[in-house]
Amino acid sequence: MKAENLRPSIAMDNITLARLLDETAALLEIDGADPFRIRSYRRAAEAVEQQTTQLATLATPEADPKLLLAIPGIGKGMAANIRDLVATGSMPLRTELLQKYRPTMLELLRLPGMGPKSVALIWSALQVADIDALETAAKAGHLNKLPRMGEKFTAKLLKGIEDHRKNSSRFRIDHARDFAERIATLILAFPGIETVTPAGSLRRGRETVGDLDLLATGPACEPDVVAAAVEYVATLPLIDKLHARGQNKVTFTLRNNLQVDVRLLPRASYGAALQYFSGSKMHNVALRQRAIKRGLTLSEYALLRLEDNVIVAAASEADIYNALDLDYIAPELRENSGELEAAATHTLPNLITLADIRGDVHMHTTETDGTRTIREMAEAAIARGLRYIAITDHSKNLAMTNGMDDARALAHAKRVREVNDQLAEEFAAGKGPQWAAWESYEKSQGAPSSPTGSPSVRVGTYEADPGGPSPSNQTTHDPRIALPPHYSQLPYHRPMEPFRIFTGIEVDILAEGQLDLEDETLAQLDIVIASVHSRFDQPEAQITERILRAIENPWTRVLGHPTGRKVLKRDPYAVNVDTILRRAAELSVAVEHNAAPARADLMDTHLKLAKELGCKISVNTDAHAIEELDYMQYGITQLRRAWLTAGDILNTLATPDDFLAALRPKP
DNA sequence: GCCGTTTTCGGCCCGACTGTTTTCAGTCG
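Mapping of the first sequence onto this note's numbering: residues 16 to 682, in sequence order.
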């Protein structure tokens, strides 16, 4: 089959469609339009972004019009808008608004304190529409003549413009997590504060975080005494600028411009607050609508009965969801993309967790561009409770990484087997890193080891003993800070068979789609990952063609960087993911999701699509250093956001042999 | 503009903080 026939036009992809609709909503706001009409544009943008099929293919004159209307939030008017956008690149309302206003106004909306009303006012009074002109006007004192814009407003705005220029980007989730832990540790030092939970987009596991929401509770947060704790938080030494302090809320920024909101809340309403501040906004709106239909009202303080204001639920999130006839919904799913319906019908997925991961089958060593040896990477994986890894250094075409030619690849694989055998011998002799890790874990639990051969421990598995050890608290990760678990917080399972290191390679896909090593070399390796690395300048169609040909290659067992997102920084959507995933599924080639923050190869819509198409998926860190193995937790979070379970992912398979058998067979 | 156990009209989520008010509008989350 020719690839052309498979490929729909993606000139107007879903992400672009969503952006155009969202911008139209912002312009309508500036125009002072009906707020409910504005909301419907926002809702439509969200809905479009979450679709797994490219709407451009449903918006053609030939397509069944019912398909678009079937999407919640898309009605007759919006469907017409989408058809216009696909056909012409714009739509009448948007064109009209852009003639009336200026596109640069959308950037003004991102300044703190600037909303649509202020943007509209400044435009009508001063004809100011961009940041530079706004700064000039503010410095000249022109804003002070306008209603509600005094000196303080101007000063704050100028600071906001400065910050915006300095750093208008969001923070990567791993950096945000580090800061959250650091600040939470300081807050926990105040007597009477017992737990701190990072909420907001960090809790939902978004790849980037705009600001931190930290919720603290404990006896010191009760209303009559909370003032002292607020005072303590507002004077923390790491605060660069204090922005606001209310009765139970403190807002500040750090020197790196990360904004932090700390809220101190009584135990009794902690669940309501946690639910509320975790969002997402659209999820909360939908949840409140559901509450109202049941004669209830939901706020950040409680779920109340409307008729008599009696509290129905407030202390825990589960109470609130249950009181609304819903199963508990994991934060990663709270995007108003079907999770409420699934929770109502008890059909939420049993989401994958870090504890399900048994192997990490993409990593590098000093042989190419990694920083550690084969043995060091293996020991680090053993310490993290993994039971198999693959050493997949680069092939020669990636010269800048010191990529290997055929001879080096074979010699390297031989060394990998040697380390593998060495570890196996040590294991059999009751020595080595596996037993050392197990013993240190048992010691940390302070409990006698479970007897060998107990019914829960089957030979050949790493299954936990029921009622056995619980997650270790002896880590640098404070259990009072509620964050997704780190490898070091998981129970360590008694090793029942030797750790396994697969031989492998990450081969570069050449311009014509062939792999850059000989078949005889590839035949000797357990895992061949074909990845797009170079040829940045190729047009979209050629890159997609190249990847398709690489998938056809019978030696390819895993497709690395399937969206090319890491490579194609300028346009991450320039690769036709639909077609690639379809072909990978047909040929049983696994697709790889890169767990490293901000390097995710498959967006959540792509992950959903991969599952729909029956793709084999594995999640790996592509670690170049020991610490990078810990990126796995972020990969897991992304999989959870895509509703995936352990059964959807290959490297959750318990034994190394099961994993190898699940890959596409070698020719 | 969307939606329907209120079904073709009349609804559509909630509260705090700020700067400016002299009782509140706008912004934010």
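By construction, the Cβ of each residue, glycine as well, lies at the ideal position given by its N, Cα and C atoms. As the structure is a computational prediction, the values presented were derived from the model and not from experiment.
Residue from the options with nearest C-alpha to residue i
{"i": "alanine 95", "options": "Leu73, Leu113 and Gln114", "result": "Leu73"}
{"i": "threonine 169", "options": "Arg278, Thr250 and Leu126", "result": "Leu126"}
{"i": "arginine 219", "options": "Lys296, Glu535 and Ile146", "result": "Lys296"}
{"i": "arginine 270", "options": "Asp255, Asp420 and His179", "result": "Asp255"}
{"i": "alanine 358", "options": "Leu668, Pro346, Thr571 and Val275", "result": "Pro346"}
{"i": "isoleucine 97", "options": "Gln304, Asp37 and His179", "result": "Asp37"}
{"i": "leucine 321", "options": "Tyr336, Lys81 and Arg303", "result": "Arg303"}
{"i": "aspartate 645", "options": "Pro680, Ile632 and Pro500", "result": "Pro500"}
{"i": "valine 604", "options": "Gln653, Ser546 and Arg309", "result": "Ser546"}
{"i": "aspartate 417", "options": "His379, Glu454 and Asn435", "result": "Sequence check: residue 417 is asparagine here, not aspartate. For the residues His379, Glu454 and Asn435, the minimum Cα distance to asparagine 417 belongs to His379."}
{"i": "arginine 57", "options": "Thr68, Leu253, Leu43 and Thr559", "result": "Leu43"}
{"i": "alanine 329", "options": "Leu173, Leu280 and Glu356", "result": "Leu280"}
{"i": "valine 573", "options": "Leu678, Val275 and Asp523", "result": "Leu678"}
{"i": "glycine 233", "options": "Val275, Lys264 and Tyr285", "result": "Tyr285"}
{"i": "alanine 638", "options": "Glu315, Thr388 and Leu624", "result": "Thr388"}
{"i": "leucine 532", "options": "Val592, Gly447 and Met419", "result": "Met419"}
{"i": "glycine 650", "options": "Gly461, Ala102 and Asn635", "result": "Asn635"}
{"i": "glycine 519", "options": "Ser633, Leu311 and Ile542", "result": "Ile542"}
8 Å contact criterion, which residue i and residue j should meet: CB distance rounded
{"i": "isoleucine 208", "j": "alanine 231", "result": "5 Å"}
{"i": "alanine 396", "j": "isoleucine 404", "result": "5 Å"}
{"i": "glutamate 391", "j": "aspartate 408", "result": "About 14 Å separates the two Cβ atoms, so there is no contact after all."}
{"i": "glutamate 64", "j": "asparagine 29", "result": "6 Å"}
{"i": "leucine 628", "j": "arginine 597", "result": "6 Å"}
{"i": "leucine 227", "j": "proline 213", "result": "6 Å"}
Reduced DSSP secondary structure (H/G/I, E/B, other) of residue i
{"i": "methionine 378", "result": "strand"}
{"i": "proline 118", "result": "coil"}
{"i": "proline 682", "result": "coil"}
{"i": "arginine 305", "result": "helix"}
{"i": "glycine 468", "result": "Reliability of the predicted coordinates at glycine 468 is poor, the pLDDT of 34 falling under 50, and no value is obtained from them."}
{"i": "phenylalanine 267", "result": "strand"}
{"i": "threonine 386", "result": "coil"}
{"i": "threonine 670", "result": "coil"}
{"i": "aspartate 493", "result": "coil"}
{"i": "proline 463", "result": "With a pLDDT of 47 at proline 463, under the threshold of 50, the modelled position of that residue is not reliable, and the figure given next carries that caveat. Note: proline 463 maps to coil in three-state DSSP."}
{"i": "glutamate 533", "result": "coil"}
{"i": "threonine 143", "result": "The amino acid occupying residue 143 in the given sequence is valine; threonine does not appear at that position. Coil, per DSSP."}
{"i": "alanine 259", "result": "strand"}
{"i": "histidine 157", "result": "helix"}
{"i": "aspartate 228", "result": "strand"}
{"i": "glycine 662", "result": "helix"}
{"i": "alanine 317", "result": "coil"}
{"i": "glutamine 69", "result": "coil"}
{"i": "phenylalanine 51", "result": "helix"}
{"i": "isoleucine 176", "result": "helix"}
{"i": "alanine 85", "result": "coil"}
{"i": "methionine 106", "result": "coil"}
{"i": "leucine 35", "result": "helix"}
{"i": "aspartate 189", "result": "helix"}
{"i": "serine 503", "result": "helix"}
{"i": "arginine 278", "result": "strand"}
{"i": "leucine 583", "result": "For leucine 583, the pLDDT reaches just 46, beneath the cut-off of 50, and the residue's location in the model is therefore unreliable, leaving the point undetermined."}
{"i": "valine 245", "result": "helix"}
{"i": "threonine 151", "result": "helix"}
{"i": "proline 213", "result": "strand"}
{"i": "methionine 415", "result": "helix"}
Beta bridge counterpart(s) of residue i as assigned by DSSP
{"i": "glutamine 539", "result": "Answer is none; glutamine 539 lacks a bridge partner."}
{"i": "methionine 164", "result": "Partner(s): none; methionine 164 has no beta bridge."}
{"i": "alanine 605", "result": "Val573"}
{"i": "aspartate 523", "result": "Ser546"}
{"i": "tyrosine 403", "result": "Gly374 and Arg515"}
{"i": "isoleucine 326", "result": "Leu319"}
{"i": "methionine 129", "result": "Partner(s): none; methionine 129 has no beta bridge."}
{"i": "asparagine 635", "result": "Asn609"}
{"i": "leucine 366", "result": "Thr660"}
Distance cut-off 7 Å: residue i Cβ against heavy atoms of the ligand NAD
{"i": "leucine 230", "result": "Judged by which ligands are present, the structure shown has none, so any question about the ligand NAD falls away."}
For the 8 Å Cβ check, are there 3 or more pairs between the segment 600–612 and the segment 338–353? no
State whether the segment 425–439 contacts the segment 505–525, with contact taken as three or more CB pairs (one from each stretch) at a distance under 8 Å. yes
Are three or more beta carbon pairs between the segment 351–371 and the segment 70–85 nearer than 8 Å? no
Three Cβ pairs or more, each shorter than 8 Å: is that satisfied between the segment 409–423 and the segment 657–667? no
Are there three or more Cβ pairs, one per stretch, closer than 8 Å when the segment 105–121 is compared with the segment 38–46? yes
Tell me, please, whether the segment 531–545 touches the segment 382–396 by the rule of three or more beta-carbon pairs shorter than 8 Å. no
Are there three or more Cβ pairs, one per stretch, closer than 8 Å when the segment 246–253 is compared with the segment 149–169? no
At a cut of 8 Å, does the segment 197–206 reach the segment 149–163 through at least three beta carbon pairs? no
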